[in-house]
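Undergrad:
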Amino acid sequence: MPYKILDKKELAPKHVMYKIEAPHVARKVQPGQFVIVRAFPNGERIPLTPVMWDREDGWIVLITFVRGKTTMRMANELKPGDPILNVAGPLGNPAPIEKFGRVLAVGLSAGIVEVFPIAKALQEAGNDVTTLHVAPAPMAILKDEFRENVSRHIFEGFEIQEGWRTKEIVAEIARRGAEKVKELLSEENFDFVLTVGPAGAQKAVFNVVKEFGIPMHADLHPIMVDGTGMCGACRVMVGGEVKFACIDGPGFDAYKVDWDELIHRVGFYTDLERKALEEYLKSLRGE
Amino acid sequence: MAVRRKLIKERVPTPERPAEERIHDFKEVNLGYTFELAVKEAERCLQCPVNYAPCIKGCPVHINIPGFIGKLVEYRDDPDKAVKEALQVIWACNSLPATTGRVCPQEDQCEMNCVMGRVGDKINIGKLERFVADYAREKGIDEELLFEMVPKIEKKGQKVAIIGAGPAGLTAAGELAKLGYDVTIYEALHEPGGVLIYGIPEFRLPKSIVQSEIEKLKKLGVKILTDHIVGRTVTIEELLQEYDAVFIGSGAGTPRLINAPGINLNGIYTANEFLTRVNLMKAYKFPEYDTPVKVGKKVIVIGAGNTAMDAARSARRFGAEVIIAYRRGPEDVSARVEEVHHAKEEGVKFEFFLNPVEFIGDENGNVKAVKFEKMKALDERDKRGKRKIVGTGEYVTIEADTVIIAIGKHPNRLIINTPGLKVERGRIVVDENLMTSIPGVFAGGDAIRGEATVILAMGDGRRAAKAIHEYLTKKREGQNA
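These protein sequences, in sequence, are chains L and S. Residues in the first sequence are numbered from 1 upward in steps of one, following the numbering used here. Residues in the second sequence are numbered from 288 upward in steps of one, following the numbering used here.
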């Protein structure tokens, strides 16, 4: 059942936006939920978050961060008008949209795309929402959209130093994120913190939030295959119990998450993912 | 047919690929009968009368087994006609014979009671069923039959939604479509087939065969919506507004885990994850296919059901040394005899009376060994007839860089959270007509059983279709009155 790409744009380096016809998802999706996308016949199933949607017109917007083979293939090979083979969803539980008071919603790197619908809904629910996006400077995306929809949007950008690889960039996101959150929490009162992003960076932010004792919700991104509670790949330890992020989450109380285990688990396939990407790049070069 | 035939005691064997060849690929192990061999085996059947035939009684969907076998002998001079006639007999009870011919535990069902077993080998019913289905598919005979059948179907003008395109759902869909209902299947994954697609490996059930069985259902008018997760994309309440009845065949998708330290170490897979990566996502073709899987040099599979055999044999095909560790003894292995035999032939080792108590990891969070408590069996038996086991207090640690947990599954949690749906111990509760606590909503297969076989799920699908037909007939008549 292919789903047509209505529009596709590069928003910033490595950030590609796809507007896709998917009425079954658009009709039901809530902030915090995700979809599983399979783009190619030999492709993998990857979880992505609807960032915007129109229930009546039946479309959703996904923004991918080009990191591995699948996201790169999507960026290279798909054009507007082309189909995406599968868009399954919506999956996962909606984020808690309640009246918390003053909310700080932190998008670490590409995690910002998932923050958008949640922050917008929290603002609409009567909260005073500050959003913080921590990323390399050229990757400031959705600035206008945030400014129109929340009380305050802060972009904390930085320059990528010569020789930095993903590892160093993620470390910098973690460091800057933790620092900026510490600054904000020291100066102002917040009632609720929310984070989305790489597990290591989320943990760094959590360590700061914990010092202030503020309730924190973390949307987790463990490895996922089916997204419907069937495979158990996405299991995370929460409050001493095994939970499946796809059907019990993806959001959890950050205080209960076993962060170190999560960080280990998300790294399991890094070597094979790199290999797949390298082979793909070679094939693009005609080797 | 009055000719008295000589009893042939020995079963005509089906050719199989040698173990040393097949552990290097995922192609099918058993090659099936040719027409000549099938007729030879069919001739051995004693043709018990239908009202007596113990094989029919042993079949959960009550296929007229002597009936279809007899056709092969009767029209032995015209193979196409023989198969067409035989297929027609099978289809009256079973729409997926290429599948059941391969994965049913025939030795515990139809073949268990075969009268020939008293004097020689039991009739190879499963392989004969498979032969009929395969020959019909290859020669387009099934298409021909469908072409004759479809125009005769009288439309009922009522709609049925089926949740899950696995064995239960597909069977119910096929039966209801034949009765003239407008049927739509809601499937969560990107491909229909359920456990037949994600769970059972290519070497036991090629995907192309499942796909062709599904194509036949589509020709009967069954619509399949993939990527639709009931409980999220659409709720049962919403389905009831659009459809006259709903059938839940959502299976037992949620893997059971072992409550032991280290269960989340890297390298520990549930059988579902491992088999989904390998089967559905074709990880054995990585990086040609994008989904990876990691199979170490030493693999321990925990459990001894068919799923454990599938996982173990798949791991062997990645070149690993594989041990199946089971907490009970050899007599309690629940996998089919044929699967255990194939696994042993392929070099899978079996260790009994070992109960995992801890998963031991290295400094990087990867599993490196499993600690087991040695168990012993008592004479006393439990409710399922298995011998009770107790720990001995002695422990053994076995190295492994991959562990696959295959100890069973629970029904899918998204469906059972439906308001008003009565559930006990994770299973949907149904009455004798397979109707749930919600009027018009029926359920069958592993969603009500916990975990059983493909054919039992198909039997439920058939029973549910019959019950739904009765329910909808009353509803129709009520509306007309």
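By construction, the Cβ of each residue, glycine as well, lies at the ideal position given by its N, Cα and C atoms.
(1) Identify each residue in the segment 215-231 of chain L for which the Cβ-Cβ distance to at least one residue of chain S is less than 7 Å, and report them in chain order.
(2) Need the endpoints of the beta strand (DSSP E) that Y485 of chain S sits in, please.
(3) In the structure shown, what three-state DSSP assignment does Y468 of chain S receive?
(4) For C231 of chain L, collect the residues of the same chain with a Cβ closer than 7 Å to its Cβ; drop the 5 residues on either side in sequence, then sort them by chain order.
(5) Should A289 of chain S go down as buried or exposed, given a rule of 16 or more other Cβ atoms within 10 Å for buried?
(6) Would you verify that the beta carbon of N86 of chain L is, or is not, closer than 8 Å to some beta carbon of chain S?
(7) Rounded to whole angstroms, what is the Cα-Cα separation between T387 of chain S and S499 of chain S?
(8) Just list the residues that DSSP pairs T541 of chain S with in beta bridges.
(9) Considering only their Cβ atoms, is the gap separating G177 of chain L from T520 of chain S smaller than 8 Å?
(10) Below 8 Å, can you find three or more Cβ-Cβ pairs linking the segment 537-555 of chain S to the segment 438-453 of chain S?
(11) Determine the burial state of V266 of chain L: buried for a count of at least 16 other Cβ atoms within 10 Å of its Cβ, exposed for fewer.
(12) Could you check which residue in S:A595, S:K296, S:D669, S:I676 has the C-alpha nearest to that of C401 of chain S?
(13) Is there contact between the segment 159-168 of chain L and the segment 176-192 of chain L, where contact requires at least three CB pairs shorter than 8 Å?
(14) Along chain L, which residues have their Cβ under 7 Å away from the Cβ of Y576 of chain S?
(15) Quick check on the DSSP output: what are the complete beta strand (DSSP E) runs of length 3 or more inside the segment 575-604 of chain S, in order along the chain?
(16) So, are the CB atoms of L512 of chain S and Y473 of chain S less than 8 Å apart?
(17) Measuring alpha carbon to alpha carbon, tell me which of L:V106, L:V242, L:A137 ends up nearest T290 of chain L.
(18) Three-state secondary structure (DSSP) at H133 of chain L?
(19) Taking the alpha-carbon of N699 of chain S as reference, which of S:L552, S:E738, S:P488, S:P574 has the nearest alpha-carbon?
(20) For F637 of chain S, report the span of its beta strand (DSSP E) as first-last.
(21) For S601 of chain S, which residues in the same chain have their Cβ closer than 6 Å to its Cβ, ignoring the five residues on either side in sequence?
(22) With the cut-off set at 8 Å, would you say I692 of chain S and P542 of chain S are in Cβ contact?
(23) Identify, in the order they occur along the chain, each residue of the same chain with its Cβ nearer than 7 Å to the Cβ of M596 of chain S, setting aside the five sequence neighbours on each side.
(24) In the DSSP assignment, find the alpha helix (DSSP H) that holds W274 of chain L and state where it starts and stops.
(25) By the three-class DSSP mapping on this structure, what secondary structure does A751 of chain S have?
(26) Do you know how far the Cα of K753 of chain S is from the Cα of I223 of chain L?
(27) Let me confirm a value: P706 of chain S is counted as buried when at least 16 other C-beta atoms fall within 10 Å, else exposed. Which label applies?
(28) By Cβ distance below 6 Å, which residues in the same chain neighbour R235 of chain L in space, the five residues on each side in sequence not counted?
(29) Looking at chain S, which residues of the segment 274-287 of chain L have a Cβ within less than 7 Å of any of its Cβ atoms?
(30) Look at V205 of chain L and D219 of chain L and say whether their C-beta atoms are less than 8 Å apart.
(31) Give the DSSP-derived three-state secondary structure of W378 of chain S in the structure shown.
(32) How many whole angstroms separate the CB atoms of F313 of chain S and Y485 of chain S, which I take to be in contact at a CB cut-off of 8 Å?
(33) From E330 of chain S to G357 of chain S, what distance separates their C-alpha atoms?
(34) Any beta-carbon of chain S closer than 8 Å to the one on Y255 of chain L?
(35) Residue ranges of each alpha helix (DSSP H) run of no fewer than 4 residues wholly in the segment 311-352 of chain S, ordered along the chain?
(36) Looking at the C-beta of V242 of chain L, does it have a partner C-beta in chain S at a distance below 8 Å?
TA: According to the structure shown:
(1) V225, D226, T228, G229, M230, C231
(2) Not the beta strand (DSSP E): Y485 of chain S falls in the alpha helix (DSSP H), residues 482-485.
(3) coil
(4) V225
(5) No answer about A289 of chain S holds up, because its pLDDT of 48 lies below 50 and its placement is not dependable.
(6) yes
(7) 14 Å
(8) S:H697
(9) no
(10) yes
(11) buried
(12) S:K296
(13) Contact between the segment 159-168 of chain L and the segment 176-192 of chain L is absent, because fewer than three Cβ pairs lie under 8 Å.
(14) Correct list: N42.
(15) Runs of the beta strand (DSSP E) spanning 3 or more residues and lying entirely within the segment 575-604 of chain S occur at 585-589, in chain order.
(16) Closer than 8 Å, so yes.
(17) As displayed, chain L neither begins before 1 nor continues past 287, which places residue 290 of chain L out of reach and without an answer.
(18) strand
(19) Nearest option by C-alpha distance: S:E738.
(20) Membership of F637 of chain S in the beta strand (DSSP E) is indicated by the continuous run 636-638.
(21) P488, V565
(22) yes
(23) A622, E626, V627, A630
(24) The identity of residue 274 of chain L in the sequence shown is Arg, whereas the question assumes Trp. Segment 270-284, the alpha helix (DSSP H) holding R274 of chain L.
(25) Of the three classes helix, strand and coil, the one that applies to A751 of chain S here is helix, per DSSP.
(26) 42 Å
(27) By the C-beta density criterion, P706 of chain S is exposed, having fewer than 16 other C-beta atoms within 10 angstroms.
(28) For R235 of chain L, where only same-chain residues beyond five positions count, the Cβ hits under 6 Å are V242, F244.
(29) K275, A276, E279
(30) no
(31) helix
(32) F313 of chain S to Y485 of chain S, Cβ: 14 Å. No contact.
(33) 8 Å
(34) no
(35) Listed in chain order, the complete alpha helix (DSSP H) runs (minimum 4 residues) inside the segment 311-352 of chain S are 322-330, 341-345.
(36) yes
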